[in-house]
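2 protein chains.
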Amino acid sequence: MSREDRFLKACRREEVDMTPVWLMRQAGRYMQEYRDLREKYSFLEMCKIPEVALEVTMQPVNRIGIDAAILFSDILIPVEAMGIDLEFTEGRGPVINNPVRDERTYKTLRPIEPADVGFVTDAIKLLRHELKGKVPLIGFSGAPFTLASYMVEGGHSRNFLTIKGMMYQAPGLYDSLMNLIADVVVTYLKAQIDAGAQVVQIFDSWVGCLGPDDYEAFAMPYTKKITDALKGSGVPVIHFANGASTYLDKVAAAGGDVIGVDWRVDLDRAWDAIGPDKAIQGNLDPVALMAGQDEIDKRVRSIVKKAGGRNGHIFNLGHGVLPPTPVENVKYLVDLVHEVSLRR
Amino acid sequence: MSREDRFLKACRREEVDMTPVWLMRQAGRYMQEYRDLREKYSFLEMCKIPEVALEVTMQPVNRIGIDAAILFSDILIPVEAMGIDLEFTEGRGPVINNPVRDERTYKTLRPIEPADVGFVTDAIKLLRHELKGKVPLIGFSGAPFTLASYMVEGGHSRNFLTIKGMMYQAPGLYDSLMNLIADVVVTYLKAQIDAGAQVVQIFDSWVGCLGPDDYEAFAMPYTKKITDALKGSGVPVIHFANGASTYLDKVAAAGGDVIGVDWRVDLDRAWDAIGPDKAIQGNLDPVALMAGQDEIDKRVRSIVKKAGGRNGHIFNLGHGVLPPTPVENVKYLVDLVHEVSLRR
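Chains C and D supply the protein sequences, listed in that same order.
Just so it is clear: in the first sequence, position 160 is 147 by my numbering, and no numbers are missing.
Just so it is clear: in the second sequence, position 221 is 208 by my numbering, and no numbers are missing.
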């Protein structure tokens, strides 16, 4: 079975020869090749120059042997196209210079056209040509709540006071903003699919700050708008809601063919909560990759065992690869997942 | 029914007239009285001068009408008595100048004697005298994993790389450190109980960085050592493991008469996971206190409804009161919990 088939079939819960594996943030600072390139370009340049995004995307494909490539980009790219003044600062992460906290700033935002993100679709086209069907290409976007939280908070947040304040005190403005973002994400992901993305992932990185009732009222409907709009695209949707493992039934109800889960939950319990009609992606603690290979071995076997040979498990970390991770452990992990999951 | 009886009976799942309520970090920066005192004393001085700790502890009792007082202190106090060089810095939080990362530093640590924390037991004695049975007094400590993570990481951490590294690479050292801390916490909490604490809470603030299997192997046994040692003390133990709502069955198995839960889980589902033989404490999102009173009303009623009139619910936030919280909303919350839970 080709690696392209393996991953795409697993997304559709069809039988595969072994469990496919890719890793969130598989292109990143833990690789020397990445750090070398990063010395020449700013982070945003790496996202915006298609040839550079291509090179970074291919680094783990060539070096690690993973079963899917994921476009090198940032979840905030579509937000910038909406009129957000975005900077990436060393140490502080993304900073938004015009946070959206009132009707007036909201009104300066605009929907996007595929042409606004031409560098993304160009990179996808280059990548499909370069990959030649070796492994499938995943496109992605942030989910509405996560994008809104950056736009409203102005960057990373600890307690999400400002975005929650908007939910409570200005529900009309919140709803308008979330609907606008959902529409932007639909345009953005459809453009990626039209350019050749074979799977798309929606990252809801910060939604775990919401309790289950707030998730249902303030995040789920907008994510569902996106997954509904992508039905019939023929492309599987992976939906990862980080920190939301206490209400995976609601995350699943927001849509997606594959539900990504973080490492704070047992994979088998998670799958029970999600239901048997969806595939699952996860869920090794990224810090485990800093351990010795015997520890990695134990943990990988445990996760594969919890998947229990059911169709529809995609192995991944429960969050992105961390910068101090040894490359040889990532390589070891990928080979090990294949070895222990091989259907004989 | 007296407020003292209300809280203590709820801890034991006995019938009460209305749901008792107190709030984690109920003494703190959101109160003007606290900020005034804080201008005169450093944070550590406020913990260490019994008369000042008394005054701060009493502020919410006098102003808000809560059903329990909790000793004003910090979870790291027993760690300092072990030989840790602790500072509280503005903005960065606690900083440990001699982080424990090897056998050599571990060997410089010592068990504690009740006399090492005499300022804590003195404050408790003063408080019991001052409270005159008006409301019960809660003592507390950090849980072993949370204290160890501060000691090993050297302060707050994002990914807990160093403590997890110790688990994986130096399990013997990790086990020795955790056992030493568990013994220290037993001595510390027994000293508080001997001085007059009527309930004790164990805070496992950072344990949510662990997946369920790691929790069971690397945190649960040491917390259980403490709850086992406190059995027979006659004092109810509240056990709060923040961010661990995906494996509350294991948290409950680590012990405690009352299990505290954060706001990321439905209270009724949480109670199902914990089991009917334990009381439950929680779980309003602290940020909801920034909302208008109609929103607070809706959320409080929802939580009280989920408790379903069962004996053994103590109302609390799912985490500590945040500094920008309006005092009038805290007062409103407490009165509202009483009103909507009144057994008629």
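C-beta: ideal position from N, C-alpha, C; glycine also.
The structure displayed is predicted, hence computed values, not measured ones.
Contact check, residue i vs residue j, beta carbons under 8 Å
i	j	result
V291 (chain C)	P199 (chain D)	no
P131 (chain D)	M154 (chain D)	no
L217 (chain C)	A206 (chain C)	no
R(-10) (chain D)	V187 (chain D)	no
A257 (chain C)	I301 (chain C)	no
F227 (chain D)	G247 (chain D)	yes
I168 (chain D)	L118 (chain D)	no
V317 (chain D)	L10 (chain D)	yes
P37 (chain D)	A14 (chain D)	no
I225 (chain C)	Q268 (chain C)	yes
A231 (chain D)	V238 (chain D)	yes
L271 (chain C)	R288 (chain C)	no
R(-7) (chain C)	D4 (chain C)	yes
D191 (chain C)	N229 (chain C)	yes
L254 (chain D)	K211 (chain D)	no
P65 (chain C)	Y175 (chain C)	yes
A184 (chain D)	L124 (chain D)	yes
V324 (chain C)	T6 (chain C)	yes
Y21 (chain D)	V39 (chain D)	no
G305 (chain C)	D249 (chain C)	yes
G242 (chain C)	D215 (chain C)	yes
I261 (chain C)	Y319 (chain C)	no
I53 (chain C)	V8 (chain C)	yes
For residue i, three-class secondary structure by DSSP
i	result
Q188 (chain D)	strand
A56 (chain C)	strand
L73 (chain D)	strand
N316 (chain D)	helix
S136 (chain C)	helix
N229 (chain C)	coil
I83 (chain D)	strand
Q13 (chain C)	coil
G129 (chain C)	strand
G269 (chain C)	strand
G78 (chain D)	coil
N166 (chain D)	helix
G195 (chain C)	helix
L63 (chain C)	coil
F302 (chain D)	strand
L114 (chain C)	helix
L276 (chain D)	helix
V224 (chain D)	strand
I99 (chain C)	coil
I36 (chain D)	coil
Whole-Å CB distance - residue i paired with residue j, under 8 Å assumed
i	j	result
I111 (chain D)	L58 (chain D)	6 Å
Q179 (chain C)	T92 (chain C)	At roughly 27 Å, the Cβ-Cβ gap does not stay under 8 Å, so Q179 (chain C) and T92 (chain C) are not in contact.
L63 (chain C)	G129 (chain C)	7 Å
N70 (chain D)	L96 (chain D)	In the sequence on display, residue 70 (chain D) carries Gly and not Asn. 5 Å between Cβ atoms; contact.
F106 (chain D)	K35 (chain D)	5 Å
T233 (chain C)	T233 (chain D)	6 Å
A55 (chain D)	L114 (chain D)	Going by Cβ atoms, the distance from A55 (chain D) to L114 (chain D) rounds to 12 Å, so no, they are not a contact pair.
R12 (chain D)	G307 (chain D)	3 Å
Contact between the stretch 133 to 146 of chain D and the stretch 80 to 88 of chain D: three or more CB pairs below 8 Å? A contact between stretches requires three or more CB pairs, one per stretch, nearer than 8 Å, and the stretch 133 to 146 of chain D meets this requirement with the stretch 80 to 88 of chain D.
Relative to chain D, which residues along the stretch 149 to 163 of chain C have a C-beta separation below 9 Å, given in chain order? K151, G152, M154, Y155, Q156
Does the count of Cβ pairs from the stretch 61 to 74 of chain D and the stretch -5 to 14 of chain D closer than 8 Å reach three? With the cut-off at 8 Å, the stretch 61 to 74 of chain D and the stretch -5 to 14 of chain D do not touch.
If you pair each beta-carbon of the stretch 276 to 289 of chain D with each one of the stretch 301 to 321 of chain D, do three or more pairs fall below 8 Å? yes
Return the residues of the stretch 271 to 298 of chain D that lie within a Cβ-Cβ distance of less than 7 Å from chain C, sorted by chain order. D272, V274, M277, A278, G279, E282, S289
Between the stretch 187 to 201 of chain C and chain D, which residues of the former have a C-beta closer than 9 Å to a C-beta of the latter? G195, C196, L197, G198, P199, D200, D201
Could you list the residues in the stretch 227 to 254 of chain D with a C-beta less than 7 Å from some C-beta on chain C, going in chain order? Correct list: S232, T233, W250, R251, V252, D253.
Counting only Cβ-Cβ distances shorter than 8 Å, please list the residues of the stretch 300 to 327 of chain C near chain D, keeping chain order. G305, L309, P311
Any C-beta of chain C within less than 9 Å: which residues of the stretch 85 to 109 of chain D qualify? none
Within 9 Å of chain D by C-beta, residues of the stretch 37 to 57 of chain C in sequence order: none
Taking only beta carbons into account, state which residues of the stretch 115 to 146 of chain D come closer than 8 Å to chain C, listed in chain order. N146
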